[in-house]
Amino acid sequence: MKIATYNVNGVNGRLPVLLRWLKESSPDIACLQELKAPQEKFPEAAIREAGYHAIWHGQKSWNGVAILSKSPDLKENRRGLPGDPEDLHSRYIEATFKGIVVGCLYLPNGNPYPGAKFEYKLKWFKRLSAHAKKLLKSDVPVVLAGDYNVMPTELDVYKPERWVNDALFRKEVRAAFKTLVGQGWTDALRKLHPDETIYTFWDYFRNAYARDAGLRIDHFLLSKHFDKRLVRAEVDRHVRGWEKTSDHAPVWIEIKEGKAASRKARMVASRKSPEVRKSERRAQ
DNA sequence: ATGCCGTGGAAACCACGA
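Residue numbers for the first sequence follow my numbering, beginning at 6 and rising by one.
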């Protein structure tokens with residue numbers, strides 16, 4: 006099973022590139038970020054034509070996340086993170102697919118530092134960590150994929166010293182990422198490529214892609230259920246070289262369909278919720 | 001390394017991204 010994440014930077018402006026990549030890469034699941042489109046302007050028909058079902062949470066002008074799936078067996082769990090009803094940004098959508106929970110996230114950029122946007126980023130990070138902890142506790146296989154807007158270590162930045170006071174690399178943000186991973190998550194790309202320089206983003210200017218002046222900010226965090234199921238983790242970096250392309254490249258993982266996990270998934274899927282049990286007891 | 005490019009939306013410029 007192939008699961009991808011791609012910050013498209015405008016789903017309508019990027020549609021030809023997105024469709025070209027979907028056809029070439031053919032992921033089973035694709036998490037998209039930065040749709041930059043209101044709910045009703047998501048290009049659902051074109052994406053269906055390309056063979057994908059979709060759930061999405063749009064927003065006028067900015068943000069916006071979607072999960073695409075070849076199979077119709079994709080059930081939305083939630084949109085938005087719990088913990089702040091005032092937060093109206095479309096930055097999180099979550100679904101269950103074949104017994105796997107897939108969280109698609111677009112963590113706030115946080116610049117400039119210091120400032121309100123940076124504080125918002127840290128708060129959003131805390132809410133993500135709280136939710137991630139609950140997901141781990143549920144003991145269902147979970148994939149948290151998306152644009153985290155964090156370079157976790159110096160290996161993930163072409164020139165670390167230039168980024169120390171940037172919201173993507175500030176020590177508070179790196180610490181937040183470390184705390185999150187410390188709950189028991191696996192950084193899939195790093196697990197399979199421990200010492201490699203890997204980038205997922207290259208700035209549009211200063212010829213950044215040609216100079217390979219990149220950042221690794223798009224990540225896959227996996228629950229322990231995937232420890233023996235993760236087969237590959239790669240960046241489709243050539244896509245960053247296409248005409249009219251996003252400043253991010255797609256990132257993807259390949260996982261084995263493991264029998265144990267399937268049994269587990271079936272068990273979880275058939276488990277009755279406490280509410281259902283309660284109402285059944287009442288009915289007796 | 002300062003938004004130099006790119007996107008979207010509203011109004012021929014501005015907000016925002018990383």
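Glycine included, each C-beta is placed from N, C-alpha and C at the ideal position. Given the structure is predicted, the values throughout are model-derived calculations rather than measurements.
Cβ-Cβ distances below 8 angstroms link K126 to L112, P113, N114, G115, N154, A172 and V178 in the same chain, with the five nearest sequence neighbours on each side left out; the list follows chain order.
Taken in chain order, the complete alpha helix (DSSP H) segments of 4 or more residues contained in the region 86-161 are 121-142. Straight through space, the alpha carbons of R25 and A50 are spaced by roughly 15 angstroms. Bounds of any beta strand (DSSP E) do not take in E177; it lies within the alpha helix (DSSP H) bounded by K176 to G187.
For V70, the beta-bridge partners assigned by DSSP are Q38 and H62. Closest in alpha carbon position to A150, among W190, D161, G246 and K142, is W190. For the pair D161 and R242, the CB atoms are not nearer than the 7 angstroms cut-off. Distance between L140 and S251, taken at the CA atoms: about 31 angstroms. In the DSSP annotation of this structure, the continuous segment of the alpha helix (DSSP H) that includes K196 starts and ends at A193 to L197. Going by beta carbons, R84 and H58 fall outside the 7 angstroms limit.
Here the region 22-39 lies against the region 101-111, with 3 or more beta-carbon pairs under 8 angstroms apart. Take the alpha-carbon of P21 and the one of M156: they are about 29 angstroms apart.
For a cut-off of 8 angstroms, the C-beta gap from G88 to R132 is around 4 angstroms, short enough to register as a contact.
By alpha-carbon distance to L79, the top candidate from L86, D92, I98 and H94 is I98. Closest in C-alpha terms to K65, from the list A137, R245, A121 and K46, comes K46.
In the assembly as shown, D144 is an exposed residue. Its beta-carbon has fewer than 16 other beta-carbons within 10 Å. In chain order, W257 place their CB closer than 7 angstroms to the CB of E239, counting only its own chain and leaving out the 5 sequence neighbours on each side. Contact between V244 and E259 is absent: CB atoms are separated by about 17 angstroms, not below the 8 angstroms threshold. For K261, no alpha helix (DSSP H) encloses it, and the DSSP letter there is neither H nor E. Setting aside the 5 residues that flank it on each side, A9 is surrounded in the same chain by P32, A35, P255 and W257, each with a C-beta closer than 6 angstroms to its C-beta; the list follows chain order.
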